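This report concerns only the one structure given below.
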Ligand code: 6PG
């Protein structure tokens, strides 16, 4: 468990990138490579930029990283809503990551259940244990695509499911609690004033919120900016 609150969104991106670099190198030193599941949404864009520019771009051995996803919208890879497309544009392309190191969650958006089974089999190659999972948080307390009152919250065995709840448009694929609880490290990146109240509730381990339920069950790294974290702690001095 670690908590870092940075003065603003840019300092958060830089600080989180530095902390993530350390987690990546720890995994690589221990097991030769790092299997990381990226988060979707908009917050990771700045983080990806910090990772893909100096000094971190040249510090991390990207050849020993395999990139997965914590969730995905059931849309084509070309769709602007695709998390894989966002990562391609902001991280993989700038770093020149070969496609052999990238494992998108949705290849065929017409077959969400089959895609979940395909990804489940992929994860079984390494016992479904990620070295690092990056998560964001929605203002409703969701993480990945574990949204309140959706069936995916109830999964206790599979590591990946299609979450086809009617309120999700587009539908999603998501890692489940078993996958998130099994990961060696889980880091939560939260930015902006609209999340401050929910974040404070989540960090109490309030299991009524999906991320709160995870926080009650395992240690998390919390990487926050002051706008999101001001109800929890004052910004750290170092950035
Ligand atoms: C997604 C994400 C989702 C995201 C949160 C926060 O596919 O959208 O995985 O869980 O992390 O909704 O999104 P923002 O970073 O855009 O606030």
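In this note's numbering, the protein residues as written are 22 to 260.
Positions of the beta carbon are idealized from the N, C-alpha and C atoms, including for glycine.
The structure presented is a predicted model; accordingly, all values stated were derived computationally and were not measured.
Buried or exposed (CB count within 10 angstroms, at least 16 for buried), residue i
| i | result |
| --- | --- |
| residue 171 | buried |
| residue 125 | buried |
| residue 80 | exposed |
| residue 158 | buried |
| residue 246 | buried |
| residue 259 | Any reading at residue 259 must be qualified, since the residue scores a pLDDT of 44, below 50, and its modelled position is unreliable; the value itself is stated next. By the 10 Å Cβ count, residue 259 comes out exposed. |
| residue 3 | Examination of residue 3 is not possible in this model, given that the chain is present from 22 through 260 alone. |
| residue 63 | exposed |
Pair within 9 Å by beta-carbon distance, residue i and residue j
| i | j | result |
| --- | --- | --- |
| residue 162 | residue 207 | no |
| residue 137 | residue 59 | no |
| residue 291 | residue 155 | Residue 291 is absent from the structure shown; the chain starts at 22 and stops at 260. |
| residue 196 | residue 237 | no |
| residue 220 | residue 252 | yes |
| residue 118 | residue 57 | no |
| residue 202 | residue 175 | no |
| residue 192 | residue 186 | yes |
| residue 36 | residue 257 | yes |
Cβ-Cβ separation, residue j to residue i (assumed contact under 8 Å), whole Å
| i | j | result |
| --- | --- | --- |
| residue 212 | residue 39 | Between residue 39 and residue 212 the Cβ distance is about 16 Å, and since that is not below 8 Å, they are no contact. |
| residue 210 | residue 68 | 6 Å |
| residue 205 | residue 151 | 7 Å |
| residue 42 | residue 77 | 5 Å |
| residue 248 | residue 217 | 7 Å |
**Asked** Can we say the region 112-119 touches the region 140-153, given the rule of at least three CB pairs closer than 8 Å?
**Response** With a cut-off of 8 Å, the region 140-153 and the region 112-119 do not count as touching, because too few Cβ pairs lie within range.
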